[in-house]
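Per the numbering used here, the very first residue in the sequence shown carries number 1; after that it's consecutive.
I have placed the structure first, in the form of structure tokens, so that the comments after it can refer back to it.
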Amino acid sequence: RRSSNHDEANTENNGNYRGHRWRHEPFDFSSRFGWDSFYKNGLIDRAKDSHDQDDIENDRIESNEMESLEYEWHGHIPHSVIVQTIAPSVYAAHEYYHSQREQQTHQQSQENKVSNDNPTSKQHSEAHEKDATATTASAATNHPPKMPSILIAGCGNSSLPRILHDAFLPTVPVRVTCLDYSPVCIDMISKMYGRSRPNMDFVVGDATNLKESLMKGKVEKEKVEYDVIVDKGLLDALLCGEGFDRDVERLVGGIREVLTKERWGMHVLVCFRLSRSLKESLVELGTIGRVDTASSHRDGVGGATNGYDDDDDDGLGNTALFWEFDIPVEGSETGRASFNLAMRCEERKSIHELETLCTDWKL
């Protein structure tokens with residue numbers, strides 16, 4: 001099983017490069033060293049082309065040069081399909097966060113009004129009302145509504161982060177978090193997108209230890225939660241390693257933990273076609289138990305437990321993930337990748353009609 005997936009991955013990887021720099025000798029796709037070398041070699045070739053390695057080191061990568069550094073895994077599944085699929089979740093989250101902000105602003109205004117109803121003098125009343133109005137306006141300006149959030153787990157050097165960052169502008173800005181365990185990769189894409197995409201974060205971290213990786217640099221009790229999580233090729237890399245069952249369990253456990261519990265929560269998985277046994281495992285991990293990552297670290301083994309998340313109301317409740325596998329994507333029939341969705345809401349059609357997705361949709 002490992003050998004088959006590894007051979008497929010190497011063949012696919014050689015077929016989706018932009019120019020010669022991403023052509024390479026096969027390597028172990030479960031190896032961080034292998035991926036670090038892949039990105040380093042690409043940057044070296046780029047520097048040779050531009051005759052100026054200082055451009056990379058000094059953060060001088062122009063927007064028209066980005067494509068030369070981007071590489072697409074499963075290129076026959078276009079990013080426009082992912083945008084089309086997650087759009088209902090993004091808009092649902094946007095409406096919810098704006099509604100929350102309006103309620104908070106209204107509540108603050110009402111509190112200011114009540115306080116102003118008992119003035120000691122007319123002059124004090126006018127001053128107090130003016131201050132209250134200024135306070136409410138300041139709160140609305142300094143604390144804008146939360147943005148819909150998208151996590152790309154195992155982002156690589158794909159163009160997907162910038163596509164998702166820009167796809168819903170100008171009406172709906174989104175925050176995109178790029179996570180990869182290769183520091184070379186994260187350093188490169190932060191230089192590619194960091195200046196031009198203000199709502200983009202870059203994290204070096206292990207997707208099989210997702211919450212801890214995302215909590216780095218955050219306040220201890222700060223909530224880590226995303227409205228959409230995208231995996232385009234990460235699962236493939238994990239399946240190339242020995243003992244991948246544990247990694248898959250920990251990955252799915254982490255996704256369940258950081259994906260919003262709201263009904264629009266969506267996980268997009270683009271990978272080589274899944275075996276029946278792996279599909280069954282994903283369904284089980286999504287709906288029966290959860291991965292006890294703390295236990296996994298202590299015991300040296302990973303596995304689903306009979307316990308449930310602390311905020312699970314009824315054993316499954318809103319922490320469950322409901323899967324839809326092998327969704328047809330028009331125009332990609334000749335490719336070997338599959339398009340899969342997991343959602344919080346069991347009645348998926350209330351959010352997204354799972355019909356054939358068309359690749360001719362334009363941004």
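From the three backbone atoms N, C-alpha and C, an ideal C-beta is built for every residue, glycine too.
Beta-carbon proximity check, residue i vs residue j, cutoff 8 Å
i	j	result
Ser196	Thr177	no
Gly205	Lys216	yes
Val268	Val230	yes
Ala337	Val248	no
Pro145	Tyr97	yes
Gly83	Ala167	First, the residue type needs correcting, since residue 83 is Val and not Gly in the sequence shown. Yes.
Asn199	Arg175	yes
Val203	Leu214	yes
Tyr193	Pro161	yes
Val329	Val81	yes
Asp36	Ser275	no
Ala342	Gly254	no
Tyr39	Val184	yes
Phe33	Ala237	no
Thr319	Arg250	no
Helix, strand or coil at residue i [DSSP, three-state]
i	result
Leu321	coil
His79	helix
Asp187	helix
Thr208	helix
Glu262	coil
Val90	helix
Thr171	coil
Arg195	coil
His297	Any reading at His297 is ruled out, since the residue's pLDDT is 33, under 50, leaving its predicted position unreliable.
Ser37	helix
Pro145	coil
Gly241	coil
Gly156	coil
His98	helix
Ser68	helix
Ser182	coil
Ser31	coil
Strand pairing of residue i, partner residues [DSSP]
i	result
Cys271	Ser338
Met200	Val176
Lys232	Val270
Met343	Met266 and Phe322
Tyr226	Leu259
Candidates the options: closest to residue i by CA position
i	options	result
Leu151	Pro183, Pro144 and Lys211	Lys211
Phe339	His79, Gly265 and Arg256	His79
Tyr226	Arg344, Thr105, Pro170 and Tyr71	Arg344
Ser332	His74, Leu341, Phe38 and Val252	His74
Ile189	Ser68, Gln108, Val252 and Tyr97	Ser68
Ala207	Glu242, Cys155 and Ile163	Cys155
Tyr91	Leu285, Ile327 and Glu262	Glu262
Tyr321	His76, Phe38, Gly265 and Ile163	In the sequence as presented, Tyr is not what sits at residue 321; that position holds Leu. Selected option, being the one with the closest Cα: Gly265.
Ser158	Ile77, Ile327, Pro26 and Ser275	Ile77
Phe272	Gly241, Arg250 and Gly335	Gly335
Leu179	Lys191, Arg32 and Asp201	Asp201
Leu278	Thr105, Pro26, Trp323 and Glu257	Trp323
Thr260	Gly243, Leu43 and Ala93	Ala93
Ile327	Gln108, Thr85 and Arg101	Thr85
Ala87	His165, Asn41, Val258 and Ser99	His165
Met147	Gln108, Gln100 and Lys191	Gln100
Lys191	Cys240, Phe325 and Leu43	Leu43
Alpha helix (DSSP H) segment containing residue i, residue limits
i	result
Arg246	Phe244 to Val258
Pro161	Leu160 to Ala167
Gly286	Arg276 to Thr287
Element boundaries [beta strand (DSSP E), containing residue i]
i	result
Ser149	Ser149 to Ala153
8 Å Cβ cutoff, residue i in contact with chain B
i	result
Asn199	Considering every chain present, this structure includes no chain B. It has just one protein chain.
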